[in-house]
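Line by line, the protein sequences give chains A and B.
Going by the working numbering, the first sequence opens with residue 135, and the numbers climb by one from there.
Going by the working numbering, the second sequence opens with residue 135, and the numbers climb by one from there.
By construction, the Cβ of each residue, glycine as well, lies at the ideal position given by its N, Cα and C atoms.
These numbers come from a predicted model, not from an experiment.
Protein chains: 2
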Amino acid sequence: MLFEDFETLDVFGPVEILGRLTEHYQIDFYSEIGDTINNFHGVSIQTKKLENIINGVDIFLIPGGLGTRKEVNNISLIGIIKQIGGLSKYVLTVCTGSALLAKTGLLDNRIATSNKRAFDWVITNGENVKWIRKARWTIDDKFYTSSGVSAGMDMTLGFLTDLHGLEFAKKIAFQIEYNWQDDKSVDNFSEQ
Amino acid sequence: MLFEDFETLDVFGPVEILGRLTEHYQIDFYSEIGDTINNFHGVSIQTKKLENIINGVDIFLIPGGLGTRKEVNNISLIGIIKQIGGLSKYVLTVCTGSALLAKTGLLDNRIATSNKRAFDWVITNGENVKWIRKARWTIDDKFYTSSGVSAGMDMTLGFLTDLHGLEFAKKIAFQIEYNWQDDKSVDNFSEQ
Chain A
135 MLFEDFETLD VFGPVEILGR LTEHYQIDFY SEIGDTINNF HGVSIQTKKL ENIINGVDIF
195 LIPGGLGTRK EVNNISLIGI IKQIGGLSKY VLTVCTGSAL LAKTGLLDNR IATSNKRAFD
255 WVITNGENVK WIRKARWTID DKFYTSSGVS AGMDMTLGFL TDLHGLEFAK KIAFQIEYNW
315 QDDKSVDNFS EQ
Chain B
135 MLFEDFETLD VFGPVEILGR LTEHYQIDFY SEIGDTINNF HGVSIQTKKL ENIINGVDIF
195 LIPGGLGTRK EVNNISLIGI IKQIGGLSKY VLTVCTGSAL LAKTGLLDNR IATSNKRAFD
255 WVITNGENVK WIRKARWTID DKFYTSSGVS AGMDMTLGFL TDLHGLEFAK KIAFQIEYNW
315 QDDKSVDNFS EQ
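See the structure below:
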């Protein structure tokens, strides 16, 4: 899912990892408006309307970025995320994307994490979420949430581990020459 | 610069890093045809024509990807890369992007590296290049070349170090919660 001023790597890190597995996954980009979505990094992506997937998808990825500050107050979008997130097989959030998911209530009584620099703001969007500040990523049933930006890649490889096994995930990390931090509890960015 | 079947992260890793520095850099996407460029990860990006920047740019980034196998034989594109690469202030390649740059002759008698799994093919595109197999990235005057995919992010942070200082680069890495491998001679993917 995209929205104006999404964070570039929140999206394209996971897209690099899942997109290359063409025998398993197909990537499609959606937004509320179903038109071209831009961000302040100069990236423009053509999207389809989220209402096309209102019955859920296999993997629903919600990125973060500056745009989340506006979208948490977009009642229409939060309603759509709740609907799609509820019916999708897996829901993955990167960075402040967890603020959007928290706002739906779907994370209530579940563990979750988010970007470290935006953490204090993120948690105001979900008072009943069991927020974990020090984590590279968290897993609670079908909900995966990661820390800031780059952590989305580590989480996605962790997600692949759960679905396809550790050797499979390691092979992908090797293919993209990525120094994967594969322990979700190790977070080098939560205490500075 | 984009072309059909570019590698997603080769582009959007560096775009995440440079694109957030809006006071220093502005990102634009170009291709030979100047139209929508697609890759097999499902990503579509609108581009302008490379001929618009034929007199060079500040930073000319050449990604890799499956598409390089075709583009090394695209004499017209190689000529354009030679022209723009020659006149640009800095030229950065990621992954097999160095095969395209090598083909122009601009890397002759210079050190360079590339994707490890494609290395034996890449070096056939530049017999006079001083190829270095074990390197996360290389620097030779204005030419920066990185290893595969994720290495482009490490190189871009190294490039920022040279232009803005180490503390500046470290700050960016911290902002995007990236475990930056900041030693360009350390390559964990060259011997497997």
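Is there contact between the stretch 166-174 of chain B and the stretch 295-306 of chain A, where contact requires at least three CB pairs shorter than 8 Å?
no
Length of the line joining the Cα atoms of arginine 203(A) and glutamine 315(A)
Taking the first residue of the first sequence as position 1, residue 203(A) is located at position 69. Taking the first residue of the first sequence as position 1, residue 315(A) is located at position 181. Roughly 28 Å between the two C-alpha positions.
Would you please state the rounded distance, in angstroms, between the beta carbons of aspartate 144(A) and valine 228(A)? I believe it to be under 8 Å.
The count along the first sequence starts at 1 and reaches residue 144(A) at position 10. The count along the first sequence starts at 1 and reaches residue 228(A) at position 94. Yes, aspartate 144(A) and valine 228(A) are in contact; Cβ-Cβ is about 4 Å, under 8 Å.
Rounded to the nearest angstrom, what separates asparagine 208(A) and glutamate 185(B) at their Cα positions?
Taking the first residue of the first sequence as position 1, residue 208(A) is located at position 74. Taking the first residue of the second sequence as position 1, residue 185(B) is located at position 51. If I take the Cα positions, the gap works out to 41 Å.
Beta-bridge partners of alanine 246(A), as assigned by DSSP:
Taking the first residue of the first sequence as position 1, residue 246(A) is located at position 112. Alanine 246(A) is bridged to Trp265(A).
Counting only beta-carbon atoms, is aspartate 316(B) nearer than 7 Å to chain A?
Taking the second sequence and counting its residues from 1, the one referred to as residue 316(B) is at position 182. No - not a single Cβ of chain A is within 7 Å of the one on aspartate 316(B).
Taking only three categories from DSSP, how would you classify threonine 272(A)?
Numbered from 1 along the first sequence, position 138 holds the residue referred to as residue 272(A). Note: threonine 272(A) maps to strand in three-state DSSP.
Straight-line gap, aspartate 296(A) to threonine 290(A) (C-alpha atoms, nearest Å):
Along the first sequence, read from residue 1 onward, the residue named residue 296(A) stands at position 162. Along the first sequence, read from residue 1 onward, the residue named residue 290(A) stands at position 156. Rounded to the nearest angstrom, the two C-alpha atoms are 10 Å apart.
Distance cutoff 7 Å, beta carbons only. Does glycine 153(A) sit that close to anything in chain B?
Your numbering for residue 153(A) matches position 19 in the first sequence. So yes, glycine 153(A) belongs to the interface.
What beta strand (DSSP E) runs, 3 residues minimum, are completely inside the stretch 208-232 of chain B?
224-227
Quick one: list the residues of chain A neighbouring tyrosine 312(B), beta-carbon separation under 8 Å, in chain order.
Your numbering for residue 312(B) matches position 178 in the second sequence. Ordered by position in chain A, the residues that pass the 8 Å Cβ test against tyrosine 312(B) are Val283, Ser284.
Which residues in the same chain as leucine 211(B) place their Cβ atom closer than 6 Å to its Cβ, once the five residues preceding and following it in sequence are excluded?
One-based indexing of the second sequence puts residue 211(B) at position 77. Closer than 6 Å at Cβ, skipping near neighbours: Glu166, Glu205.
Does chain A have any CB closer than 7 Å to the CB of isoleucine 167(B)?
Residue numbering aside, residue 167(B) sits at position 33 when the second sequence is read from its first letter. Closer than 7 Å: no.
Within chain A, partners of phenylalanine 174(B) - CB distance below 9 Å
Looking up residue 174(B) in the second sequence gives position 40. Correct list: Gly153, Arg154, Thr156.
With 7 Å as the threshold, decide whether the Cβ of serine 178(B) is near any Cβ in chain A.
Along the second sequence, one-based indexing puts residue 178(B) at 44. Interface residue, yes.
Beta-carbon separation of arginine 270(B) and phenylalanine 253(B) under 7 Å?
Numbered from 1 along the second sequence, position 136 holds the residue referred to as residue 270(B). Numbered from 1 along the second sequence, position 119 holds the residue referred to as residue 253(B). No, they are not a contact pair.
Could you confirm whether any beta carbon from chain A is found closer than 7 Å to the beta carbon of leucine 294(B)?
The count along the second sequence starts at 1 and reaches residue 294(B) at position 160. Chain A, which has no Cβ nearer than 7 Å to the Cβ of leucine 294(B), makes this no.
Confirm, please, whether the CB-CB distance from isoleucine 306(B) to aspartate 274(B) is below 7 Å.
As a working mapping, residue 274(B) is identified with position 140 in the second sequence. As a working mapping, residue 306(B) is identified with position 172 in the second sequence. Contact flag unset, no.
Given 8 Å, three or more beta-carbon pairs between the stretch 152-167 of chain A and the stretch 147-165 of chain B:
no
Rounded to whole angstroms, what's the CA-CA distance from isoleucine 215(B) to phenylalanine 194(B)? Just pull it up for me.
Here residue 215(B) is taken as the residue at index 81 of the second sequence, counted from 1. Here residue 194(B) is taken as the residue at index 60 of the second sequence, counted from 1. So the alpha carbons of these two residues sit roughly 9 Å apart.
Please work out which residues of its chain come closer than 6 Å, Cβ to Cβ, to alanine 236(B), disregarding the five sequence neighbours upstream and downstream, and give them in chain order.
For the purposes of this step, residue 236(B) is identified with residue 102 of the second sequence, where counting begins at 1. Counting only Cβ-Cβ distances below 6 Å, and skipping sequence neighbours, we find Asn259, Gly260, Val263.
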